[in-house]
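Residue numbers (this note's numbering): 197 to 647. Just below is one structure, and these are the notes that go with it.
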């Protein structure tokens, strides 16, 4: 966001309520600063698509149902790339994104998967990927472990930033190892105290680690530039906007996904429940700030939460109400108050969570939910008049079904969820495999429906 643009968006910000703040962000999204449109008609298409989603978020019935795709490796697959190529060859990956947008014309952009070379340079232990522990046609996999020890809650709670730098990141990847030896930056409070802290940065191991991180950063920029060009093409030539403003996590998922892992967090729920709650509370302002900073960079006023360990299969309703929802709700309220739209990707089933997430403390028409394996009729019933919903054409149907079967499922879904608005058509889970004719059937059916 340019300084001038930021000034216009945030002028008099403290005097605005959440809806007025959101309107400012929507106006900026619609104005598409920095986008070079091929023609005025493309600009109109872009703005029409943005308005479709704005209407859905506000629980209105849009001119038509917006349709989009949560795509993973299928973007590359559609262009004949292996999964390894999708993660290693940024130019081919970007070309695949351009072809995907041209062939399917979703209402919102998709992108490619992550850059493997960055992971390699960091010596990352969090994941395996094609060419590093996995075959060329195997999707990348997260490697759960107890990266945070069970007795380290107090250190995390005392100062998450220091804990991540000095303990957690060195366990995540070998390039980060030297960070553990650096003194606290608060030691450098005056010119004279810096003299005692700076020599640590000259340690050969620290220098090597910094060089590896710098190389990884340059590689990451190369990836972002290639994929950014594909996104600019989608917006400027095809009128397809990006709805991705940033990504965030539920406080509990930070612990359960990455720090403690599934096994560790389940034990902690019995042995140290108060520490889980305290750590989750500590993450609330950090996540709000994280989401805000991302939307200021991207300009799209939506932050996506990919929800994992709150699904029906991971915890009881009582545990969800105690451990998962309260701090996630606090994060959502903080973002909504800043005019940001949380988009909640509820992976797995959320059938037992519907009464909880239809929370009267959250403003009506302030967010939307993308469901995977949740009963969509029940979701519509629970969230009607509260939150917009999206979903949930099954990945298995798109990969193994016929166009006729996809069309029938999609029509039934639209009749169930879209008649009174507040609905976006989307696949239910990240798409790695699909038949092009089935994906086209989903998108065309949604675009043509006027129920």
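For every residue, glycine included, the Cβ atom is placed at its ideal position computed from N, Cα and C. For clarity, every value in this text was computed on a predicted model and none was experimentally measured.
Please tell me whether residue 364 and residue 343 are closer than 9 Å, where the distance is taken between their beta carbons. Looking up residue 364 in the chain shown gives position 168. Looking up residue 343 in the chain shown gives position 147. In contact: residue 364 and residue 343 (Cβ atoms closer than 9 Å).
Continuous alpha helix (DSSP H) assignments of at least 4 residues falling wholly in the region 358 to 421: 365 to 368 and 387 to 393
The region 587 to 601 in contact with the region 621 to 630 per 3-pair CB rule at 8 Å: Flag = yes, the region 587 to 601 and the region 621 to 630 touch.
DSSP three-state call for residue 622: helix, strand or coil? Translated into positions along the chain shown, residue 622 becomes position 426. In this structure, residue 622 counts as strand in the three-state DSSP scheme.
What would DSSP say about residue 343, mapped onto helix, strand or coil? Numbered from 1 along the chain shown, position 147 holds the residue referred to as residue 343. DSSP places residue 343 in coil when its eight states are reduced to three.
Rounded to whole angstroms, what is the Cα-Cα separation between residue 642 and residue 539? Looking up residue 642 in the chain shown gives position 446. Looking up residue 539 in the chain shown gives position 343. If I take the Cα positions, the gap works out to 20 Å.
Helix or strand or just coil, what does DSSP make of residue 522? Locating residue 522 in the chain shown gives position 326, where the first residue counts as 1. Of the three classes helix, strand and coil, the one that applies to residue 522 here is helix, per DSSP.
Assigned secondary structure, residue 587 (DSSP; H/G/I helix, E/B strand, else coil): Taking the chain shown and counting its residues from 1, the one referred to as residue 587 is at position 391. Annotated three-state conformation of residue 587 is strand, per DSSP.
According to the neighbour-count rule (16 or more other Cβ atoms, all chains shown, within 10 Å of its Cβ), is residue 407 buried or exposed? Working through the chain shown from its first residue, we reach residue 407 at position 211. That one is exposed.
Using the DSSP secondary-structure output, state which residues sit across from residue 267 in a beta bridge. Numbered from 1 along the chain shown, position 71 holds the residue referred to as residue 267. The partner list for residue 267 (beta bridge, DSSP) reads 627.
Can you pull the DSSP bridge partners for residue 542? As a position in the chain shown, residue 542 is number 346, starting the count at 1. DSSP lists 503 and 567 as the beta-bridge partner residues of residue 542.
Local conformation of residue 457 per DSSP, three classes: Here residue 457 is taken as the residue at index 261 of the chain shown, counted from 1. Helix at residue 457.
Quick one, are the C-beta atoms of residue 596 and residue 572 less than 9 Å apart? The count along the chain shown starts at 1 and reaches residue 596 at position 400. The count along the chain shown starts at 1 and reaches residue 572 at position 376. Not closer than 9 Å, so no.
Alpha carbon to alpha carbon, how far is residue 445 from residue 452? Give it in angstroms, no decimals. Within the chain shown, residue 452 is the residue found at index 256, counting from 1. Within the chain shown, residue 445 is the residue found at index 249, counting from 1. Near 11 Å, if we compare the C-alpha coordinates of residue 445 and residue 452.
Endpoints, alpha helix (DSSP H) assigned at residue 650: No information on residue 650 is available, as it lies outside the stretch 197 to 647 that the chain covers here.
Look up residue 242 in the DSSP assignment and give the residues it is bridged to. Numbered from 1 along the chain shown, position 46 holds the residue referred to as residue 242. Per DSSP, none; premise fails for residue 242.
How about residue 229 and residue 249: do their beta carbons lie closer than 9 Å? Walking along the chain shown from the start, residue 229 turns up at place 33. Walking along the chain shown from the start, residue 249 turns up at place 53. Going by C-beta atoms, residue 229 is not nearer than 9 Å to residue 249.
Among residues of its own chain, excluding the 5 on either side of residue 341, which ones have a beta-carbon nearer than 8 Å to its beta-carbon? For the purposes of this step, residue 341 is taken as the residue at position 145 of the chain shown. 321 and 457, listed in sequence order.
Return the CA-CA distance between residue 506 and residue 449, expressed in angstroms with no decimal places. Translated into positions along the chain shown, residue 506 becomes position 310. Translated into positions along the chain shown, residue 449 becomes position 253. The straight-line gap from Cα to Cα measures roughly 8 Å.
Have a look at residue 197 and residue 232 and give me their C-alpha separation to the nearest angstrom. As a first step, residue 197 must be located in the chain shown, where it is residue number 1. As a first step, residue 232 must be located in the chain shown, where it is residue number 36. Per-residue confidence for residue 197 stands at a pLDDT of 47, beneath the threshold of 50, marking its modelled position as unreliable; the derived number appears in the next sentence. Approximately 15 Å between the Cα atoms of the pair.
Nearest candidate by alpha-carbon position, reference residue 605, set 373, 635 and 211: Taking the chain shown and counting its residues from 1, one reaches residue 605 at position 409. Taking only the C-alpha atoms, the option nearest residue 605 is 635.
According to DSSP, residue 443 sits in a beta bridge with which residue or residues? Here residue 443 refers to the residue found at position 247 of the chain shown. The partner list for residue 443 (beta bridge, DSSP) reads 500.
Shortest alpha-carbon distance to residue 367 belongs to which of 318, 566, 390 and 639? Taking the first residue of the chain shown as 1, we reach residue 367 at position 171. Cα-wise, what sits closest to residue 367 is 318.
Of the residues 309, 432, 519 and 385, which one's Cα is nearest the Cα of residue 419? As a first step, residue 419 must be located in the chain shown, where it is residue number 223. Checked all of 309, 432, 519 and 385; the closest Cα to residue 419 is 309.
N-terminal and C-terminal residue of the beta strand (DSSP E) that residue 258 is part of: Here residue 258 is taken as the residue at index 62 of the chain shown, counted from 1. That residue, residue 258, is in no beta strand (DSSP E); it is neither H nor E in DSSP.
Use the C-beta contact count for residue 442: other C-beta atoms within 10 angstroms, 16 or more gives buried, fewer gives exposed. Along the chain shown, read from residue 1 onward, the residue named residue 442 stands at position 246. With 16 or more Cβ atoms within 10 Å of its Cβ, residue 442 is classed as buried.
For the ligand FAD, I want to know if residue 493 counts as a neighbour, meaning its beta carbon is within less than 8 Å of at least one of the ligand's heavy atoms. Here there are no bound small molecules, and the ligand FAD is not part of this structure.
Please classify residue 303: is it buried, with 16 or more other beta-carbons within 10 angstroms of its beta-carbon, or exposed? For the purposes of this step, residue 303 is taken as the residue at position 107 of the chain shown. Buried.
Looking at the structure shown, is residue 248 part of a helix, part of a strand, or coil, going by DSSP? As a working mapping, residue 248 is identified with position 52 in the chain shown. If DSSP states are grouped into helix, strand and coil, residue 248 belongs with the helices.
For the region 552 to 563 against the region 527 to 541, do three or more pairs of beta-carbon atoms, one drawn from each stretch, fall closer than 8 Å, so that the two count as touching? yes
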